[in-house]
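To start, the structure under review is shown below, and the notes come after it.
There are 4 protein chains.
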Amino acid sequence: MKNTFGNNVSVTLFGESHGAAIGAVVDGLPAGIPVSEDFICHQLSLRRPIGKISTPRREADKFHILSGVYNGYTTGTSIAIVIENTNTHSSDYSDMRSIARPGHADYTAYCKYKGYEDYRGGGHFSGRITAALVAAGAVILSALKNKGITIGTHIKSVHGVCDRSFGNIEEDILALADKEFAVLDESVEEQMKDEITKAADQGDSVGGVLESAICGLTAGVGEPWFDTLEGCLSHILFSVPAIKGVEFGAGFDISNMYGSEANDCLCFDGEKVITKTNNNGGINGGITNGMPVVFRCAVKPTPTIFKEQETVDFKTNENTVISPRGRHDPCIVHRARVVVDSVAAIAVCDMLAAKFGSDWLA
Amino acid sequence: MKNTFGNNVSVTLFGESHGAAIGAVVDGLPAGIPVSEDFICHQLSLRRPIGKISTPRREADKFHILSGVYNGYTTGTSIAIVIENTNTHSSDYSDMRSIARPGHADYTAYCKYKGYEDYRGGGHFSGRITAALVAAGAVILSALKNKGITIGTHIKSVHGVCDRSFGNIEEDILALADKEFAVLDESVEEQMKDEITKAADQGDSVGGVLESAICGLTAGVGEPWFDTLEGCLSHILFSVPAIKGVEFGAGFDISNMYGSEANDCLCFDGEKVITKTNNNGGINGGITNGMPVVFRCAVKPTPTIFKEQETVDFKTNENTVISPRGRHDPCIVHRARVVVDSVAAIAVCDMLAAKFGSDWLA
Amino acid sequence: MKNTFGNNVSVTLFGESHGAAIGAVVDGLPAGIPVSEDFICHQLSLRRPIGKISTPRREADKFHILSGVYNGYTTGTSIAIVIENTNTHSSDYSDMRSIARPGHADYTAYCKYKGYEDYRGGGHFSGRITAALVAAGAVILSALKNKGITIGTHIKSVHGVCDRSFGNIEEDILALADKEFAVLDESVEEQMKDEITKAADQGDSVGGVLESAICGLTAGVGEPWFDTLEGCLSHILFSVPAIKGVEFGAGFDISNMYGSEANDCLCFDGEKVITKTNNNGGINGGITNGMPVVFRCAVKPTPTIFKEQETVDFKTNENTVISPRGRHDPCIVHRARVVVDSVAAIAVCDMLAAKFGSDWLA
Amino acid sequence: MKNTFGNNVSVTLFGESHGAAIGAVVDGLPAGIPVSEDFICHQLSLRRPIGKISTPRREADKFHILSGVYNGYTTGTSIAIVIENTNTHSSDYSDMRSIARPGHADYTAYCKYKGYEDYRGGGHFSGRITAALVAAGAVILSALKNKGITIGTHIKSVHGVCDRSFGNIEEDILALADKEFAVLDESVEEQMKDEITKAADQGDSVGGVLESAICGLTAGVGEPWFDTLEGCLSHILFSVPAIKGVEFGAGFDISNMYGSEANDCLCFDGEKVITKTNNNGGINGGITNGMPVVFRCAVKPTPTIFKEQETVDFKTNENTVISPRGRHDPCIVHRARVVVDSVAAIAVCDMLAAKFGSDWLA
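Protein chains in written order, with numbering that gives the first Met the number 0: chain A, 0 to 361; chain B, 0 to 361; chain C, 0 to 361; chain D, 0 to 361.
The following block contains the structure:
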């Protein structure tokens, strides 16, 4: 399946960084869901580079919905969204064609595609492709919102500078929706940006951790084997370039707890069952328990740096060094958060469609 | 798809803890792969409870291969393996039918299956089902070994007591193969077991971290979207009960590194390209780079504890307390490691079959 | 996926004719569907050989439900059904190990499985495997019936002797349910049986056509691309051994009609839209229109005959002749009809689960 | 999966007849396959309406490859092909918005999409969408040809006027490649066209039968359950609008044969095993036997006719009559044949990729 994710609601990706266009096909949504081009624009804007802490490449992200939407509503057939590539400087890359950039997929792409890959700007591996994911995700996030399900992600940390954790999650998600730099505690924003610019000034880069929550999921979504909610979410999350770890609830910290600490005690909150803690991240046995689903993603520092690094030339088969030029992001954590929201929405929507049927989503 | 994982080589699971039997169907393996019942037995023995640090439930794990193997070789058709349940004490559970055990899937199962679930012994959620995964995994691990691919997992930590990290990974995997309690540094074994018995004595439980490596994978396996090697592995890993986090290479630690630290420099080792560090865990852009694939799983403390905990009775809709009885494991980290090997083998085998074809595996 | 069919409700098959057992795993059914072992028995009895017109191999078809059913209801987890093989005469086949029986899969199995196939009794290709399909289908047919959907198949023709076509389809389906030899016009039964015994007496075999109908499907089930109802049904129907053609509505005859004859005019029957004719077999654009879905399958004459035939020995690479011995069916049309009902139920159930959700089926 | 077909090599369709564009995403092809835009043009030209026997709607079928092809070769990533819609007369359709055209999908689309469908020109149900299938198929047909596999389809009959059957199949396929009106015996071409124009003159339409062959497939491709070659081919063939029946080899005629007639005797032709007849259409037990795969599709008469027909208005819930206007084809058999070639190529390519691996195709 490769570039397609999802069985009941699916997204198919295509495109290369410096090709004609990138895009996505969203399939399986029922007819009658309102589609707002404004909201797609808004989501794309959250992914766009900002100020000094991002790449100078600024794409207009002009998109066209080619199919599947008519008079502002989904028609129930596949929705193709195409985003033009306009601002491409391919010559930046041509001279390092066969010199693998460390941390990038240059060498693995060469091994897999045997030299036929469109290497310009990272080709199909480029973070650019996530714009298509964000556009597709916007359509799905809207559909979920209509069913009372909201998703939000904040920058939990950048190179060690930490945001507070989620508090009142529903309110936090609401507050994050329009933030260009998504922190809950705005007092840490400048420190984080300082870390990024400090790294940028040295020709280096930094990473961080994103923390996400999904609210409004009814209890009973997910499967014990193999389509656990954790499994399906992580499957798609690891597609987001630079993510190297995914954890739910207390995550890796849970491995140091006693069972009596880790277990989330249950109680009634009115007629609703809740848990007093949420160390399991809203999921038991792969299935939602009605609490917010909480997870974190480790985002590595952007591999493109302007320091000299040892590497290989896989055409001449010689060791060499590289000092990349071109445009790049000293940190992509803040831009990745809307991508995380988008892919989480895709995975959740697919699971809901499996349980309740495609028709239910309308 | 639910109980089936894999597109080209797939495993379908069935069974409940206290039902007639559990089992798995392995499909997609080509004809001509030798199947050793002894090796399946061996792998099942690694999953079995040991000494004081495990549940007193001791299953013979007697298995029957019903199909797909003839004269000691795969026939190329689906392989059904059935394992009888014999040592079941269902009465241990009947009186807490509707009282949700915190940390368990009782409540989520009830939400999903509306009271029709076979709740005895955890039913389909029980760790017991992993015996079927281990049997299926044994067949696949053998097939991979014939292609030069080996997988090994050690107990990286138990409640804070740490094993050393992988050193010479191929040798380490070899050394782990027969260990009942899989640590690389045997001097930590007693400390870990002490932590477990200490928790058990208090009616409590502990968790830990498993670290795994896959050796012998050629560069070029995996996809950039959506079937990254990380994504496919994590998808199935989160099915292993109690796993709440998965990370590759440096994992969450990478979020605190500079790009210049995190990037793995490449160089030639003879004719082979290697990386000097392995912070990316052998994977760039979702695709293997020829280095060992390294990942870690966070395993939560076993949810069954003998301490009193607050919870709900979802039949009477009242708050209540529970003090579970029955048999249980104060720690399942050491038993889970062979399950991790097994599911990793299933995911890897499926990806190899996609790339090279089912026929290649023979 | 090979031995698994279906995305939302799926069936996984395993087994060989002369192996330990055959079986199926049904996955994706929600909890709470009643499962009647008596009905499974009944359906298996309809597949069993009868009198002189069938093979003397008589299997008890004793089945065991290993999982997924508890207290007479589905639990919502995967249902494994195993049927023992008991009455096997493998020696009948051993001496023609490498001599391809014309019309059988011996040669293609050898090409695919390279000699590792379990060739005894046709192995995994045997019609015997359809017993597992019938058992799985029985569970699903019951579930569909609870939703008002019924499926029935009659013997439209045997070697040119024709039954009448469907009349009042709902009544016809009801009448067929218990018939051992499923004809609508019982006056043709003897003629058909005569054709079969006449062929059997000559050591030859005959085929025929099965005609099926599905009633009670709401309008709007199916997809225009690629999961048309026709496409999904035919996909699984061609798994039934000996089926070489599938047609819907007027089928191949429609190619000789004018559009003005072929088009089914619509009108209101009370509040319901019906069509005056049903040349499209209840399907337009791949989607049900609310009329009964009607299709026919061409069943070839059983390939096992007792006449001498030219063939090859694929071990010695020489031309040779074969005169098969053993037990066989001079006609399998009457036995195949319950298999057709079963696989049609599987395909339809999967499509309904996609549209309305797994939960809807309960 | 709906608009996606194939597991290893897949095609995802999108578009509506009168929307902005239609298109397809081809995924799973390895890097390094040459892609000829000329050949895509050529294939599209074979689908285009011709002379008096087709619709006056003439689309330029201008296509753009947005991704996955670089310097004339596949890159190994997903290939998006977009075809603009230019020549649209939507007003032809607006006034019959809610009046179901008999034989069309208007009513079923309404039931499924609840009025949100883009009804203009048949929307997503339009034969127009097959242009995208033909473009995608062209890429795949080229890839197959490089592996020695050729596919060809001729018009076996139009409203009872018959072409000869396949003779030397490889030569016949070659001869068909460039024919605008694909008959083997050119002497029947005028009679067929006469039937079409005769029907057109009466405001009526005719159908026919297409016969196809696939040459060069090695023995051993396909599965016994459930992915038989017949099943996979028919699954996608029924997506081609107007196809109501699919048969292999002798097809429905085989139901009237004796086993001794139907069985294809085997013999050596040099070192290769062949069959003396091909009643099984090159497939035994769902698996290729090395003979040409031969199948036929029944194509119904185009449902759009200019005669008055009874039908319903599904908005006013009244019976009514309809006399469609607009542009239409009095016969689509000759245009459908390149669509059949295309979808057959997609199904076969997917099966080969499963068996031999994606990499093998390059």
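No residue lacks a Cβ here, since even glycine has one placed at the ideal position from N, Cα and C.
Taking Cβ-Cβ distances shorter than 9 angstroms, what residues in chain A pair up with residue i?
i	result
alanine 353 of chain C	Asn6, Asn7, Gly27, Ala352, Ala353, Gly356 and Ser357
leucine 143 of chain B	Those within 9 angstroms of leucine 143 of chain B in chain A number zero; the least Cβ separation is about 19 angstroms.
isoleucine 150 of chain B	Going along chain A, no residue has its Cβ under 9 angstroms from isoleucine 150 of chain B, so there is no contact; the nearest lies around 18 angstroms.
Which whole-angstrom value is the C-beta distance of residue i and residue j, which I expect to be below 8 angstroms?
i	j	result
alanine 79 of chain A	glycine 120 of chain D	No, alanine 79 of chain A and glycine 120 of chain D are not in contact; Cβ-Cβ is about 17 angstroms, not under 8 angstroms.
alanine 304 of chain D	serine 259 of chain C	The residue you asked about is not alanine; residue 304 of chain D is isoleucine in the sequence shown. Yes, they are in contact, since the Cβ atoms of isoleucine 304 of chain D and serine 259 of chain C sit about 6 angstroms apart, within 8 angstroms.
glycine 281 of chain A	valine 292 of chain A	4 angstroms
phenylalanine 294 of chain D	glutamate 246 of chain D	6 angstroms
alanine 104 of chain D	leucine 209 of chain D	That pair is no contact at about 21 angstroms.
histidine 158 of chain C	glutamate 188 of chain C	Not confirmed; about 14 angstroms, so no contact.
isoleucine 52 of chain C	alanine 361 of chain C	About 40 angstroms separates the two Cβ atoms, so there is no contact after all.
isoleucine 148 of chain C	valine 338 of chain C	Wrong, their Cβ atoms sit about 18 angstroms apart, outside the cutoff.
isoleucine 150 of chain A	leucine 140 of chain A	7 angstroms
glutamine 308 of chain D	proline 101 of chain D	5 angstroms
Quick one: Cα of residue i to Cα of residue j, how far?
i	j	result
leucine 45 of chain B	phenylalanine 251 of chain B	29 angstroms
serine 97 of chain C	lysine 275 of chain D	19 angstroms
alanine 344 of chain B	glycine 244 of chain A	20 angstroms
tyrosine 69 of chain D	glycine 27 of chain C	42 angstroms
asparagine 316 of chain A	phenylalanine 124 of chain A	23 angstroms
threonine 152 of chain C	tryptophan 359 of chain B	42 angstroms
isoleucine 331 of chain D	leucine 232 of chain A	45 angstroms
valine 81 of chain A	glycine 356 of chain A	27 angstroms
valine 10 of chain D	glutamate 36 of chain B	41 angstroms
alanine 297 of chain C	glycine 207 of chain D	19 angstroms
aspartate 60 of chain C	asparagine 84 of chain C	8 angstroms
threonine 76 of chain B	glycine 122 of chain C	9 angstroms
asparagine 7 of chain B	leucine 236 of chain C	22 angstroms
So, is residue i buried or exposed, given that buried needs 16 or more other C-beta atoms within 10 angstroms?
i	result
leucine 363 of chain B	In the structure displayed, chain B extends from 0 to 361; residue 363 of chain B sits before or after that span and is not available.
alanine 135 of chain D	buried
arginine 324 of chain D	exposed
leucine 173 of chain C	exposed
glycine 5 of chain A	buried
asparagine 320 of chain A	The displayed chain sequence assigns valine, not asparagine, to residue 320 of chain A. With fewer than 16 Cβ atoms within 10 Å of its Cβ, valine 320 of chain A is classed as exposed.
lysine 314 of chain B	exposed
aspartate 203 of chain C	buried
glycine 18 of chain C	buried
glycine 50 of chain A	exposed
Given that residue i touches chain B, what residues does it touch there, using C-beta distances under 9 angstroms?
i	result
glycine 75 of chain C	Ala108, Lys111, Tyr112, Lys113, Tyr115, Glu116 and His123
valine 342 of chain C	Here the premise fails: no neighbours, minimum Cβ distance about 17 angstroms.
Along chain C, in chain order, which residues have C-beta atoms closer than 7 angstroms to that of residue i?
i	result
tyrosine 257 of chain B	None at all; the shortest Cβ gap to chain C is about 45 angstroms.
List the residues of chain C that residue i touches, going by C-beta distances under 8 angstroms, in chain order.
i	result
asparagine 2 of chain B	Val24, Asp26, Thr76 and Ser77
threonine 11 of chain B	Thr3, Thr11, Val24, Asp26 and Ser77
proline 363 of chain D	One cannot answer for residue 363 of chain D here, as it falls past the ends of chain D, which runs 0 to 361.
Name the chain B residues that come within less than 8 angstroms of residue i, Cβ to Cβ?
i	result
serine 164 of chain A	Residues of chain B passing the Cβ test: none, with the nearest at roughly 15 angstroms.
Give me the chain A residues within the contact set of residue i, using Cβ-Cβ distance strictly less than 7 angstroms, ordered along the chain.
i	result
threonine 310 of chain B	Cys264 and Leu265
histidine 103 of chain D	Simply none; closest approach about 16 angstroms.
Can you pull the chain B neighbours of residue i, defined as C-beta to C-beta under 7 angstroms?
i	result
alanine 297 of chain A	Glu246, Gly250, Phe251, Ile253 and Ser254
Could you tell me which uninterrupted beta strand (DSSP E) segments, each at least 3 residues in length, are contained entirely in the region 49 to 116 of chain D, listed from first to last along the chain? 62 to 64 and 78 to 83
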